[in-house]
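The numbering used here puts the first residue of the sequence shown at 188, with every later residue one more than the last. Yeah, the Cβ is synthetic: ideal placement off N, Cα and C, and Gly gets one too. On a predicted model such as this, the values are computed, not experimentally measured, just so you know. To start, the structure under review is shown below, and the notes come after it.
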Amino acid sequence: MQRRARSLWDSYGRVADDLRISVTDRCNFRCIYCMPAEGLKWLKREDILRYEEIVRLARIFVERYGVRTIRITGGEPLVRVKLEELIGMINAIDPTLDITMTTNGVLLRQKAQALKDAGLNRINISLDTLHDDRFKEMARSDQFTRVMDGITAAREAGLWPIKLNMVVVQGHNDDEVVDFARLAHSEGYEVRFIEFMPLDGDNIWTNEQVVPSRRIMEQIEDQFPLVPFNDTRPGPATRYTFADGAAGGIGFISSVSQAFCTSCNRVRLTAEGGLRTCLFSLQETPLRELMRSGVSDDHLGSVIEGAIWRKEEGHLINKPGFIKPAKSMSQIGG
Ligand code: SAM
Ligand code: SF4
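Right, here's the structure in full:
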């Protein structure tokens with residue numbers, strides 16, 4: 188008998204209904220704001236959740252707790268073999284789920300159609316610069332052309348609308364924000380400007396490198412006036428459309444300058460099966476060994492409920508008491 192879903196409340200009155208699943212800590216890039224150039228040890232294969240284990244947890248979140256959005260991320264999710272099979276398995280839980288993915292785009296030419304056919308609804312592609320040489324510096328990769336072609340492939344496969352994620356880092360790519368707005372305006376993408384968060388593997392983050400969304404918006408509005416977009420779905424981005432009616436849009440994820448913790452509806456599962464209630468959590472709730480020891484779904488459910496109830500009130504970036512998590516963004520799953 189189908190049980191009725193109940194919401195996953197935390198003690199501050201928020202409901203977690205957006206699940207982010209990291210399928211790997213591995214990546215084929217080394218973005219300066221995310222991973223160190225070298226020296227990050229990968230998880231052992233046996234320590235990473237198998238697809239069946241991910242699907243078991245996804246099913247609990249969907250069927251018991253009414254989660255409607257599942258985002259696949261990593262590391263780079265497309266380095267995991269046959270990712271489209273996982274998408275198909277999650278889609279089979281409930282074909283009306285909103286299944287999305289964040290990717291660096293480099294493998295999309297090979298994968299976009301299979302992902303779409305398996306049930307992927309939407310895609311966010313990370314792109315920090317429109318210049319090949321700068322791409323080499325920021326992603327520490329020479330695959331710029333392949334990423335641009337990957338974006339085209341996603342579009343051709345019908346993964347639309349496409350969101351482009353740009354992490355703006357002062358002195359690296361902040362002079363390109365208007366060019367990105369122009370791209371959104373001409374091609375119909377939604378470009379999301381993300382503030383650099385202290386989750387990099389090199390420990391280089393300083394507040395001076397954060398470009399506040401307000402400053403980016405002022406620059407864009409000089410050339411492309413914007414109008415607020417009334418979002419029906421809660422989310423971290425403040426979204427705008429173009430005042431002249433062009434198809435694309437602009438979003439700002441102001442995690443540092445205007446934290447959105449009071450309305451945060453996210454919960455994260457790391458590649459090794461750790462439940463994280465915040466990007467900046469200092470501890471996580473390990474689910475892998477529990478599952479492998481043979482506990483019931485009821486037991487797993489009670490552990491999940493307890494972890495969500497204890498969700499942090501918010502992060503403390505730029506406040507006394509902030510402690511940077513030991514894990515980098517690629518190890519957490521952004
Ligand atoms: N590899 C995939 C990608 O790059 O799209 C998915 C994983 S990546 C960790 C997810 C998102 O986190 C990307 O859009 C990336 O730009 C963003 N990100 C990584 N490190 C960040 C940081 N320190 N601050 C803000 N965003 C970050
Ligand atoms: Fe890899 Fe994505 Fe991190 Fe870049 S942001 S290093 S592509 S996980």
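Closest Cα partner of residue i within the set the options
i	options	result
Ile208	Lys511, Leu456, Glu239	Leu456
Glu408	Asp431, Asn394, Phe383	Asp431
Arg321	His359, Leu477, Cys465	His359
Cys451	Phe380, Phe467, Gly493	Phe467
Leu487	Pro507, Leu469, Ser313, Leu462	Leu462
Ser517	Asn215, Met222, Ala192, Val202	Met222
Asp366	Gly520, Leu317, Trp347	Leu317
Lys269	Met478, Ser194, Gln297	Gln297
Ile280	Asn417, Arg191, Val414, Arg243	Arg243
Met325	Gln357, Arg193, Ala301	Gln357
Asn278	Val293, Pro412, Glu263, Ile259	Ile259
Arg579	Ile247, Thr211, Asp484, Thr464	With the chain covering only 188 through 521, there is no way to say anything about residue 579.
Arg401	Ala434, Lys511, Gly438	Gly438
Phe411	Gly435, Ser489, Ala494	Gly435
Lys228	Cys218, Ile235, Arg213, Ile241	Arg213
Val454	Ile519, Ala301, Glu374, Leu294	Ile519
Phe380	Pro423, Asp204, Arg342, Phe216	Pro423
Gly306	Arg327, Gly275, Glu374	Gly275
Leu314	Ile286, Asn308, Ser328	Ser328
Thr283	Thr256, Arg217, Phe331	Thr256
Phe447	Gln406, Ile504, Glu459, Glu492	Ile504
Phe216	Lys323, Ile286, Ser483	Lys323
Val397	Val334, Met404, Met384	Met384
Residue i - containing alpha helix (DSSP H), residue span
i	result
Arg479	475-479
Asn278	270-280
Met404	400-410
Leu295	295-305
Arg243	238-246
Residue burial classification, residue i (beta-carbon count within 10 angstroms, cutoff 16)
i	result
Val376	Looking at the sequence provided, one finds Tyr at residue 376 rather than Val. Buried, because 16 or more other Cβ atoms sit within 10 Å of the Cβ of Tyr376.
Glu525	One cannot answer for residue 525 here, as it falls past the ends of the chain, which runs 188 to 521.
Ser480	exposed
Lys514	buried
Asn390	exposed
Arg497	exposed
Arg251	buried
Ser441	buried
Met188	Because Met188 sits at a pLDDT of 48, beneath the cut-off of 50, its placement in the model cannot be relied upon, and the point is left open.
Ala340	buried
Leu469	exposed
Asp304	exposed
Ala371	buried
Glu161	Lying outside 188 to 521, the shown extent of the chain, residue 161 is not represented and no answer is given.
Phe509	exposed
Ala224	exposed
Asn291	buried
Tyr220	buried
Thr289	buried
Arg191	exposed
Arg420	exposed
Lys350	buried
Val414	exposed
Asp387	buried
Asp485	exposed
Gln445	exposed
Thr464	buried
Ser489	exposed
Asn311	buried
Asp287	In the sequence as presented, Asp is not what sits at residue 287; that position holds Thr. When all chains shown are included, Thr287 counts as buried.
Gly337	buried
Residue range of the unbroken beta strand (DSSP E) whose run includes residue i
i	result
Gly260	One point to set straight first is that residue 260 is Thr, not Gly, in the sequence displayed. Start and end: 256-260.
Ile510	Ile510 -> no beta strand (DSSP E), and no H or E assigned at all.
Ile310	309-313
Leu487	Premise fails: Leu487 lies in the alpha helix (DSSP H), 484-496, not in any beta strand (DSSP E).
Arg420	From DSSP, Arg420 is part of no beta strand (DSSP E); its letter is neither H nor E.
Tyr427	425-429
Leu317	Premise fails: Leu317 is in no beta strand (DSSP E) and is neither H nor E.
Arg207	205-209
Gly461	461-463
Thr290	285-290
Gly501	No beta strand (DSSP E) contains Gly501, which DSSP labels as neither H nor E.
Val454	453-456
Val266	Neither: Val266 is in no beta strand (DSSP E) and is coded neither H nor E.
Phe439	436-440
Val414	413-415
**OP:** Could you name each continuous beta strand (DSSP E) segment of 3 residues or more that falls completely within the stretch 320-377, going from the start of the chain to the end?
**Re:** 349-355
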